[in-house]
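Trainee: I have a structure I would like to understand better, so I am pasting it below and will then ask my questions one at a time.
Number of protein chains: 2
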Amino acid sequence: MRRFILLACLVALAGCATKPRERETLAQVSTIDSLMAGNYDGTVRLSRLYNYGDFGLGTLDRLDGELIVLDGQAWQVPVSGEARRVAPAERTPFAALTHFDPETILVIDNTSGISPEQQVLNHLDPDRFAAIRVHGRFSSLRTRSVPRQETNRPLPAVIADGQKTFDFTDVEGTMVGLYCPAYVKGLNVPGFHFHFITADRTAGGHVLSWTPSSVVVAIDDASTFTMLIPDGFAPGAGDDKALEAVEKGK
Amino acid sequence: MRRFILLACLVALAGCATKPRERETLAQVSTIDSLMAGNYDGTVRLSRLYNYGDFGLGTLDRLDGELIVLDGQAWQVPVSGEARRVAPAERTPFAALTHFDPETILVIDNTSGISPEQQVLNHLDPDRFAAIRVHGRFSSLRTRSVPRQETNRPLPAVIADGQKTFDFTDVEGTMVGLYCPAYVKGLNVPGFHFHFITADRTAGGHVLSWTPSSVVVAIDDASTFTMLIPDGFAPGAGDDKALEAVEKGK
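Right, dumping it as structure tokens:
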């Protein structure tokens, strides 16, 4: 515990009670089970989602790579691994955004015996939602992306034969992340879910593993969770083990 | 099918695309699993919930009876069965509200071979959310209410030894209802959930069964689902069979 430095915790002016409540909302399009089932048509434009936030992650129309939204700007990391900017008019089948107003700031490294994710978890309420920004230098980081799909084959099949992984060493950049409580299983991913973009905004992806060299973690608790359920929504069927494998790139 | 009269369906000006999106949100406090586990402290004032809607249902602080919100006014049916008005400053541990802007109006009776709930279901997208108002004369209707709880014993135990049921025959009044899709199990009640208030606003409760004589059904689809997760939220553990028994008063 003493190996991380708690820089500022619960900054008074950033407390929930004093922030406009709509900024405390984590808003998502569709559900993870629907995406898992192969519903890849983009239904909601990023421009509409920006009403709900400036920070988050997801994918793009037809599962075309990994989406990172940071400071109100969006990047796609397609299966080529070469990041590109995403226009506000593009649509997503699944994404989650919030207005990022962190209350808690930590510096973590890899010298304590406590895993980086556990160090973050120690500063969260595990039964509520949070957005997490991890910025700095990573000694190693592995990401993946997925190829655009023309058909609706389920996500586990896409991961099994289509994902590409990318290994970064001694890299500077930012992870955008969400923490979701276990009770939203089927709707979003329980636990942590991180996407990464390099400091030069050229590469990144869905994070499979990460080891910090020296990073600053900013945590924004969210007291409200919102789902946009598009016309023609197909819920899919839950499979928690398949989801866990997909998230870990297996 | 021909036995019900479809009065008006998809009134053009009430279509989703032309309504402010925030009116298309079903917003709730806490989750049904948390309530089931005995978390009865009121956390959110009705006055705050009225930002999210003028129509809905729930319970009050310490599980003190059944809450009905209709046309922006709230009633409680306590275990005495005698309805009373609820002040905006009162708090709820679990309630769900929406701005009621119905798109679909039906008249149903009990002369077709199709159950009233199935007649309503035929006009819903089962994978999305809806609010349902059923107004008119009921040949019979059974409700229940529950006593205020000083301790946090789980809801199934309260129902088993504390609920009071009320039988109405040839009664005029309004049911306020919600329809939730199966994938929000644990968060809200899948399927239909109705509360009732008599036309003279003296009685009502959580509906256990209903037989329409002649009623008008108004349906308001909701494209967005929002959960307010209060500070200190305790999620409880899911038990679908226990929930079904509670909803049916068993």
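Top line first, the protein sequences correspond to chains A and W.
Remember, this note's numbering sits 303 above the position in the first sequence when you count from 1.
Remember, this note's numbering sits 303 above the position in the second sequence when you count from 1.
Glycine included, C-beta positions come from ideal geometry on N, C-alpha and C.
This one's a predicted model, so the numbers in the text were calculated from it and none came from an experiment.
#1: Do you know offhand how far Ala-471 of chain A's Cα is from Val-492 of chain A's?
#2: Which word fits Pro-429 of chain A, buried or exposed, when buried means at least 16 other C-beta atoms lie within 10 angstroms of its C-beta?
#3: Among the candidates W:Glu-327, W:Leu-511, W:His-509, whose CA atom is the shortest distance from the CA of Phe-403 of chain W?
#4: State the Cα-Cα distance for the pair Pro-457 of chain A and Gly-552 of chain W, rounded to the nearest angstrom.
#5: Pull up the CB-CB distance for Ile-532 of chain A and Arg-431 of chain W, whole angstroms please, since I reckon it's below 8 angstroms.
#6: Output needed in chain order: residues of the stretch 418-441 of chain A with a Cβ under 9 angstroms from some Cβ in chain W.
#7: If Pro-396 of chain W and Val-332 of chain W are in contact, beta carbons under 8 angstroms, what's the gap, nearest whole angstrom?
#8: By Cβ distance below 6 angstroms, which residues in the same chain neighbour Ser-512 of chain W in space, the five residues on each side in sequence not counted?
#9: Please decide whether Pro-381 of chain A counts as near chain W, where near means a Cβ-Cβ distance under 7 angstroms.
#10: Here's a check: name, in chain order, each residue in its chain whose Cβ is nearer than 8 angstroms to the Cβ of Thr-501 of chain W, leaving out the five neighbours to either side.
#11: Taking the alpha-carbon positions, what's the Phe-528 of chain A to Ala-537 of chain W distance?
#12: Got a sec, what are the start and stop residues for the alpha helix (DSSP H) Pro-475 of chain W sits in?
#13: According to DSSP, what are the bridge partners of Thr-454 of chain W?
#14: With DSSP run on the structure shown, which of helix, strand or coil describes Val-492 of chain W?
#15: Considering only the beta carbon of each residue, do Val-389 of chain A and Ala-398 of chain A sit closer than 7 angstroms?
#16: Starting from the Cα of Glu-547 of chain W, find the closest Cα among W:Asp-524, W:Thr-362, W:Arg-351, W:His-496 and give me that residue.
#17: So, are the CB atoms of Pro-515 of chain A and Asn-425 of chain A less than 7 angstroms apart?
#18: Leaving out five residues before and five after Gly-489 of chain W in sequence, what residues of the same chain have Cβ atoms less than 6 angstroms from its Cβ?
#19: So for Glu-547 of chain A, helix, strand or coil by DSSP?
#20: With a threshold of 7 angstroms between beta-carbons, can Lys-544 of chain A be considered close to chain W, or not?
#21: Scan the stretch 487-506 of chain W for residues whose Cβ lies nearer than 8 angstroms to a Cβ of chain A and list them as they occur along the chain.
#22: What's the call for Thr-468 of chain W, buried or exposed, on a 16-neighbour Cβ count within 10 Å?
#23: Going by C-alpha to C-alpha distance, which of W:Gln-466, W:Val-519, W:Ala-525, W:Ser-383 sits closest to Leu-329 of chain W?
#24: Rounded C-beta distance between Arg-436 of chain A and Ala-521 of chain A? I'm assuming under 8 angstroms.
#25: So for Leu-427 of chain A, helix, strand or coil by DSSP?
#26: In chain A, what lies closer than 9 angstroms to Met-339 of chain W by C-beta?
#27: Identify the contact partners of Thr-407 of chain W in chain A, using a Cβ-Cβ distance below 7 angstroms as the criterion.
#28: Does the beta-carbon distance from Val-461 of chain A to Leu-360 of chain A come in below 7 angstroms?
#29: Buried or exposed, going by whether 16 or more other CB atoms sit within 10 Å of the CB of Glu-550 of chain A?
#30: Nearest to Val-372 of chain W by CA position, among W:Arg-504, W:Asp-543, W:Met-530, W:Gly-535, is which residue?
#31: Give me the Cα-Cα distance between Asn-455 of chain W and Gly-345 of chain W, rounded to the nearest whole angstrom.
#32: Can you grab the Cα-Cα spacing for the pair Leu-481 of chain A / Ala-434 of chain A, in whole Å?
#33: Under 8 angstroms between beta-carbons, which chain W residues line up against Ala-537 of chain A? List them in chain order, please.
#34: Answer with yes or no whether the minimum CB distance from Thr-527 of chain W to chain A is below 7 angstroms.
#35: Leu-409 of chain A and Tyr-355 of chain A: beta carbons closer than 7 angstroms?
Mentor: This is what the structure gives:
#1: The amino acid at residue 471 of chain A is misidentified as Ala; the sequence shows Phe. Spanning the two alpha carbons is a distance of roughly 24 angstroms.
#2: exposed
#3: W:Glu-327
#4: 40 angstroms
#5: 5 angstroms
#6: Asp-428, Asp-430, Arg-431, Phe-432
#7: 7 angstroms
#8: Arg-445
#9: no
#10: Ala-386, Phe-471, Val-474, Glu-475, Gly-476, Gly-507
#11: 16 angstroms
#12: According to the sequence shown, residue 475 of chain W is Glu rather than Pro. Glu-475 of chain W -> not in any alpha helix (DSSP H); beta strand (DSSP E) instead, spanning 467-483.
#13: Its beta-bridge partners do not exist; DSSP assigns none.
#14: coil
#15: no
#16: W:His-496
#17: no
#18: Asp-336, Gly-541
#19: helix
#20: no
#21: Val-487, Gly-489, Leu-490
#22: exposed
#23: W:Ala-525
#24: 5 angstroms
#25: coil
#26: Within 9 angstroms Cβ-Cβ: nothing; Met-339 of chain W doesn't reach chain A, min ~12 angstroms.
#27: Near Thr-407 of chain W there are no residues of chain A at all, since even the closest Cβ is about 15 angstroms away, more than 7 angstroms.
#28: no
#29: buried
#30: W:Arg-504
#31: 12 angstroms
#32: 5 angstroms
#33: Asp-430
#34: yes
#35: no
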